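Participant: In order, the protein sequence lines correspond to chains A and B. Residues in the first sequence are numbered from 1 upward in steps of one, following this note's numbering. Residues in the second sequence are numbered from 1001 upward in steps of one, following this note's numbering. Beta carbons are placed, not taken as given, at the ideal position from N, Cα and C, and that holds for glycine. Computed from a predicted model, the values in this text were never measured in an experiment.
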Amino acid sequence: SKREIKMRKLDSTKVRPHKTEQLLHIEDHDFALRPGFGGSPIPVGIDVQVESIDSISEVDMDFTMTLYLRHYWKDERLSFRSNKNKSMTFDGRLIKKIWVPDVFFVHSKRSFIHDTTVENVMLRVYPDGNVLFSLRITVSAMCFMDFSRFPLDTQNCSLELESYAYNEDDLMLYWKHGNKSLSTDEHISLSQFFIEEFSASSGLAFYSSTGWYNRLFINFALRRHIFFFVLQSYFPAMLMVMLSWVSFWIDRRAVPARVSLGITTVLTMSTIMTGVSASMPQVSYIKAVDVYLWISFLFVFLSVIEYAAVNYLTTIEERKQLKKRGKASGMYSIDAVQAMAFDGCFHDTDVDMDLPAFSDRCEENETRARAASVANLDTTRIKRKRSLKGNVGRIILQNNHVIDTYSRIIFPSVYIVFNFFYWGLYL
Amino acid sequence: MPYFAKLFLLIFCLVLLVESRKHRRRRWTNQLEVHRASHIYKKNHDITKNRKGKTEQLLRVDDHDFTMRPAFGGPAIPVGVDVQVESLDSISEVDMDFTMTLYLRHYWKDERLSFPSTNNKSMTFDGRLVKKIWVPDVFFVHSKRSFIHDTTTDNIMLRVFPDGHVLYSMRITVTAMCNMDFSRFPLDSQTCSLELESYAYTDEDLMLYWKNGNESLKTDEKISLSQFLIQKFHTTSRLAFYSSTGWYNRLYINFTLHRHIFFFLLQTYFPATLMVMLSWVSFWIDRRAVPARVSLGITTVLTMSTIITGVNASMPRVSYIKAVDIYLWVSFVFVFLSVLEYAAVNYLTTVQERKEGKHREKFPCTCGIAHSKTIMLDGNYSESDANSLAGYTINQMVPEEEKQEKMVVHLAVSNESNSSKKRGLKGHVGLRIIQNTHAIDKYSRLIFPGTYIFFNLIYWSVFS
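#1: Looking only at DSSP bridge pairs, what is Leu173 (chain A) linked to?
#2: Can you look up Lys323 (chain A) in the DSSP assignment and give me helix, strand or coil?
#3: Could you tell me the alpha carbon to alpha carbon distance between Ser277 (chain A) and Gln1267 (chain B), rounded to whole angstroms?
#4: How about Thr116 (chain A): is its C-beta nearer than 9 Å to some C-beta of chain B?
#5: Could you tell me whether the Cβ of His1142 (chain B) comes closer than 9 Å to any Cβ of chain A?
#6: Does Met1100 (chain B) get closer than 9 Å to chain A when you measure Cβ to Cβ?
#7: Evaluate the contact criterion for the stretch 1079-1097 of chain B versus the stretch 1310-1318 of chain B: three or more CB pairs, one atom per stretch, below 8 Å.
#8: What span of residues does the alpha helix (DSSP H) with Asp404 (chain A) cover, start to end?
#9: Indicate whether at least one CB of chain A lies closer than 9 Å to the CB of Trp1284 (chain B).
#10: Return the chain-ordered list of same chain residues with a C-beta closer than 8 Å to the C-beta of Ala309 (chain A), the five sequence neighbours on each side being excluded.
#11: Identify the continuous beta strand (DSSP E) that holds Thr137 (chain A) and give its terminal residues.
#12: Do three or more CB pairs link the stretch 1107-1117 of chain B to the stretch 114-126 of chain A at distances below 8 Å?
#13: Within this structure, are the beta carbons of Val417 (chain A) and Ala1292 (chain B) separated by less than 9 Å?
#14: Taking the C-alpha atoms as reference points, what is the distance between Phe80 (chain A) and Ile1253 (chain B)?
#15: Just the Cα atoms here: how many angstroms apart are Ile1298 (chain B) and Ser1338 (chain B)?
#16: Could you name each continuous beta strand (DSSP E) segment of 3 residues or more that falls completely within the stretch 1253-1281 of chain B, going from the start of the chain to the end?
#17: Should Glu1086 (chain B) go down as buried or exposed, given a rule of 16 or more other Cβ atoms within 10 Å for buried?
#18: Quick one: Cα of Asn214 (chain A) to Cα of Val1081 (chain B), how far?
#19: Can you give the Cα-Cα distance for Phe90 (chain A) and Glu162 (chain A), rounded to whole angstroms?
#20: Return no unless some Cβ of chain E is closer than 9 Å to the Cβ of Tyr234 (chain A).
#21: Mind listing which residues of the stretch 300-313 of chain A have their C-beta closer than 9 Å to chain B's C-betas, in chain order?
#22: Tell me, to the nearest whole angstrom, how far the beta carbon of Ala1323 (chain B) is from that of Phe1454 (chain B); I am working on the premise that it is less than 8 Å.
#23: Closest Cβ-Cβ distance between Val100 (chain A) and chain B: below 9 Å?
#24: Identify whether Met242 (chain A) lies in helix, strand or coil by the three-state DSSP scheme.
#25: Below 8 Å on the Cβ atoms is my contact criterion, and I expect Thr274 (chain A) with Gly1310 (chain B) to pass it. Report the Cβ-Cβ distance as a whole number of Å.
#26: Evaluate contact between the stretch 171-188 of chain A and the stretch 41-56 of chain A, counting only Cβ atoms and requiring at least three cross-stretch pairs below 8 Å.
#27: Report the three-state DSSP secondary structure of Arg1288 (chain B) (helix, strand or coil).
#28: Between which two residues does the beta strand (DSSP E) containing Val1174 (chain B) stretch?
#29: If you follow the alpha helix (DSSP H) that Ile1440 (chain B) is part of, which residue opens it and which one closes it?
#30: I'd like to know if Asp47 (chain A) contacts chain B, where contact means its C-beta is closer than 9 Å to some C-beta of that chain.
#31: Measuring straight from C-alpha to C-alpha, what distance separates Ser1279 (chain B) and Leu293 (chain A)?
#32: Leu1196 (chain B) and Phe1161 (chain B) - do their beta-carbons sit closer together than 9 Å?
#33: Give me the residue from A:Arg319, A:Asn419, A:Leu159 with the minimum Cα distance to Val291 (chain A).
#34: Determine the extent of the beta strand (DSSP E) in which Arg1128 (chain B) is found, giving its start and end residues.
#35: Just grab the DSSP bridge partners of Val1079 (chain B) for me.
#36: Cutting at 6 Å between CB atoms, please list the residues of its own chain near Met142 (chain A), excluding the five before and the five after it.
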């Protein structure tokens, strides 16, 4: 029986009075006070492994990160006798009974310790009193972003750790292995960003009411992938501008065509611009994508104004032309193309000017035109010959207005130059 | 007699047996006690390691009843408040609230927490002590949601000084209501305030005050919002009356937000202005181009309508008109009027054409012939004929046979037709009106831009 009792005592986990608390003598000490209370500050080492960066939000200007946070310190009150020098591992239930550092994330908006299936907390106690305390946390923290080069921008964000209650005189927070304390899972990646580098730094923060605190920083830089925006914004804008140039190649007499082409490209540019602003915070400065879209809008707008000018000048010329023609008493007839351009109906022969131009009466007009032109063949030829005398007038009323001819070259070249400047400046 | 002796012997033996066992145990434990005694002696020097010297016993928490406030039954306890604003997370127009993260610190004196100390140093504790002592029950009036951050532990600090002064600090995020007035949106300024008050204790029990007057409110250097300029933070305090419960001290954190207009200029004002300018292009286009001018007018109306809908999506549905609404609706009216202007031009042109047609018929040479024919016949280009190109002369269509005959006839009579033309010119008042440019168009080219610029001058001077 004496032997039995002795054996039981050797296996300390199976003796009823020797609970963990008594194994670690928790009841003996007051763990509301930090180790070395009243003495020198206790050094607490920190180690972080970043599991993932969940999301970066431009509208809220924050980022969400999941990480394993490990603390290392020495608490002599937790030392216990051991011949093998092996550590004892506990889960979250012991934490409420002992002292742990109260590290928090400065500038965090929301954070939580994962608790499935139980609280993701580990406590490992070594015989000499060294403690390793590990947690798995998801934290959403503020990151001030500068969008003046959006979407060709790089953002620098940082996560800051600090003790809430204990200032520099009580607790010294430091990176356990210097810059190598920060490790990341290999497959951390974001869809929209390229994570350039993770680095660790430390500093001191001053609060006027409470003193100096140690603060640790986890810094990382994010470079945005531009491909999505090229596909979504730049490309459509560019295509709309090119589409507006099509208007310069269309006959200037085709008034409805050129006007509706111009106005529809303006409408589409306006829609693209509204679409981009929907997913962005409402900042007070101009972004790089705004510059591009607004200048493209300006080009499209100018093509509409250009056609208004062409049309107006054409009308003036026509008037002058026909006043001259009136004195020469030649004939004036409109050829098929001109008539078609004016009223939108298809004419395959030269028509007389008296045909009504309502488009819903196109067929009627057409038959009348044909009948009239058949009957008038001789007279047409006579007309034509006579009108050729007013040769000078014909030449001025070219199919191309000079503004159009220049525009065909100027608009594309200025746009290309703008593109060179833009991409050279921002890339 | 032997009976009693046996009994007595039995009892004596039993007692001896029990005594010996006790004695054994005592012997066994005595050794430990000897060791323990020396341990206890050593432990007593380090008060944190004494079983009896727990915090609660260090601070003698169990000796007092902390459900009662300090100086219970006596004068009101003064509690100083200090705030450091960490960030203004968001301002929401639709919900009419704002979210702020701040460090809230309380300072008071509780003599029950005083402890003897040689070096006058304070003791710092974390959140676990808070449940055992008395703390002021400050809450945020008009708050919608709030929480004390609790990662990795509750973000609470308690610092107790030897004389009983306490500093109690916590980190809170609170979403509170702010009544916003949008009548000058987006050229507006909003004034919001966060209000602190004790929930249970009235003016007679707890006096809440700003610890350092106006210096009690500090902000981190880099507080900034993307859409607003934060003008100033300042503190005030007042009394609030509740009819059921009495007078309470209330502290206010006031701040003024000035909205940045640049985003709205780019997003709303600029497109609206451009659409109005685009609608003026219609006045310069030939009035004979009906499809062109109509589609220009109607597409600008459509775009204005889209811009108006876009602005209202991110706004609360208020019952009064906002500054941006005034601008957009007046611009919409301008665009609408340009469509109506063209309808008027078109209608009046038709009317005039008809008049001209009747007018021409009175002259012999053109009798019975569509006046449009006279173009071909005599080569004189008249404005009315140009208009007839656009189809105003359906009624005057002449059958083909007639055409031929009459054309032949008139080839010979060209001089006469010239004279008829001259006669037509006598009625040249009518002809002047029927120019390629209608008078309405000519006036519109000046009136519309002039009026719009004038409206802009008035608008920006009133609201800026």
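Facilitator: Taking the geometry as given:
#1: By one-based count along the first sequence, residue 173 (chain A) stands at place 173. A:Val44.
#2: Locating residue 323 (chain A) in the first sequence gives position 323, where the first residue counts as 1. Correct three-state label for Lys323 (chain A): helix.
#3: On the first sequence, position 277 is the one that residue 277 (chain A) refers to. On the second sequence, position 267 is the one that residue 1267 (chain B) refers to. Roughly 8 Å between the two C-alpha positions.
#4: Taking the first residue of the first sequence as 1, we reach residue 116 (chain A) at position 116. Taking 9 Å as the CB threshold, Thr116 (chain A) stays off the interface with chain B.
#5: Residue mapping note: residue 1142 (chain B) aligns to position 142 of the second sequence, counting from 1. False, the Cβ-Cβ gap to chain A never drops below 9 Å.
#6: If you number the second sequence from 1, residue 1100 (chain B) lands on position 100. The C-beta of Met1100 (chain B) comes no closer than 9 Å to any C-beta of chain A.
#7: With a cut-off of 8 Å, the stretch 1310-1318 of chain B and the stretch 1079-1097 of chain B count as touching, because enough Cβ pairs lie within range.
#8: As a position in the first sequence, residue 404 (chain A) is number 404, starting the count at 1. Per DSSP, Asp404 (chain A) belongs to the alpha helix (DSSP H) from 402-426.
#9: What you label residue 1284 (chain B) is simply residue 284 of the second sequence in a count that begins at 1. Using a Cβ-Cβ cut-off of 9 Å, Trp1284 (chain B) counts as an interface residue toward chain A, since at least one Cβ of chain A sits closer than that to its own.
#10: Here residue 309 (chain A) is taken as the residue at index 309 of the first sequence, counted from 1. Taken in chain order, the residues that qualify are Ile403.
#11: Position 137 of the first sequence, counted from the start, is the residue given in the question as residue 137 (chain A). The sequence given here places Ile at residue 137 (chain A); Thr does not occur at that position. Here the beta strand (DSSP E) through Ile137 (chain A) covers 130-142.
#12: Taking a contact to require three or more Cβ pairs closer than 8 Å, the stretch 1107-1117 of chain B and the stretch 114-126 of chain A do not qualify as touching.
#13: As a working note, residue 417 (chain A) is residue 417 in the first sequence. As a working note, residue 1292 (chain B) is residue 292 in the second sequence. With contacts defined by Cβ atoms closer than 9 Å, Val417 (chain A) and Ala1292 (chain B) do not form a contacting pair.
#14: If you number the first sequence from 1, residue 80 (chain A) lands on position 80. If you number the second sequence from 1, residue 1253 (chain B) lands on position 253. Their backbone Cα atoms lie some 52 Å apart in a straight line.
#15: Here residue 1298 (chain B) corresponds to residue number 298 of the second sequence, with the count starting at 1. Here residue 1338 (chain B) corresponds to residue number 338 of the second sequence, with the count starting at 1. So the two alpha carbons sit approximately 9 Å from each other.
#16: If we require 3 residues or more, the stretch 1253-1281 of chain B turns out to have no beta strand (DSSP E) run fully inside it.
#17: Residue numbering aside, residue 1086 (chain B) sits at position 86 when the second sequence is read from its first letter. That one is buried.
#18: Counting from one through the first sequence, the residue named residue 214 (chain A) turns up at place 214. Counting from one through the second sequence, the residue named residue 1081 (chain B) turns up at place 81. Their Cα atoms are separated by approximately 25 Å.
#19: Reading the first sequence from its first residue, position 90 is the one you call residue 90 (chain A). Reading the first sequence from its first residue, position 162 is the one you call residue 162 (chain A). So the two alpha carbons sit approximately 25 Å from each other.
#20: The structure shown has no chain E; the protein chains it does contain are A and B.
#21: So the list reads Phe301, Val304, Ile305, Tyr307, Ala308, Ala309, Asn311, Tyr312, given in the order they occur along the chain.
#22: On the second sequence, residue 1323 (chain B) is found 323 positions in, with the first residue counted as 1. On the second sequence, residue 1454 (chain B) is found 454 positions in, with the first residue counted as 1. That pair is no contact at about 18 Å.
#23: Position 100 of the first sequence, counted from the start, is the residue given in the question as residue 100 (chain A). True, the Cβ-Cβ gap to chain B drops below 9 Å.
#24: Residue numbering aside, residue 242 (chain A) sits at position 242 when the first sequence is read from its first letter. In the structure shown, Met242 (chain A) sits in a helix (DSSP, three-state: H, G or I).
#25: Indexing the first sequence from 1 puts residue 274 (chain A) at position 274. Indexing the second sequence from 1 puts residue 1310 (chain B) at position 310. In this structure Thr274 (chain A) touches Gly1310 (chain B) by the C-beta definition: roughly 6 Å separates them, less than 8 Å.
#26: Flag = yes, the stretch 171-188 of chain A and the stretch 41-56 of chain A touch.
#27: The residue labelled residue 1288 (chain B) in the question sits at position 288 within the second sequence. Arg1288 (chain B): coil per DSSP, three-state reduction.
#28: If you number the second sequence from 1, residue 1174 (chain B) lands on position 174. Here the beta strand (DSSP E) through Val1174 (chain B) covers 1165-1177.
#29: Locating residue 1440 (chain B) in the second sequence gives position 440, counting from the first residue. That run of the alpha helix (DSSP H) goes 1439-1463.
#30: As a first step, residue 47 (chain A) is located in the first sequence; it is residue number 47 there, counting from the start. No, no contact with chain B.
#31: Taking the second sequence and counting its residues from 1, one reaches residue 1279 (chain B) at position 279. Taking the first sequence and counting its residues from 1, one reaches residue 293 (chain A) at position 293. In this structure, the CA atom of Ser1279 (chain B) is about 21 Å from the CA atom of Leu293 (chain A).
#32: Here residue 1161 (chain B) refers to the residue found at position 161 when the second sequence is read from its first residue. Here residue 1196 (chain B) refers to the residue found at position 196 when the second sequence is read from its first residue. One thing to note: Phe1161 (chain B) has its Cβ no nearer than 9 Å to the Cβ of Leu1196 (chain B).
#33: As a position in the first sequence, residue 291 (chain A) is number 291, starting the count at 1. Of A:Arg319, A:Asn419, A:Leu159, the smallest CA-CA separation from Val291 (chain A) is found for A:Asn419.
#34: Here residue 1128 (chain B) is taken as the residue at index 128 of the second sequence, counted from 1. Counting along the chain, Arg1128 (chain B) falls outside any beta strand (DSSP E), and DSSP gives it neither H nor E.
#35: Here residue 1079 (chain B) is taken as the residue at index 79 of the second sequence, counted from 1. According to DSSP, residue pairing for Val1079 (chain B) in a beta bridge involves B:Leu1208.
#36: Along the first sequence, read from residue 1 onward, the residue named residue 142 (chain A) stands at position 142. Same-chain partners within the cutoff: Asp62, His107.
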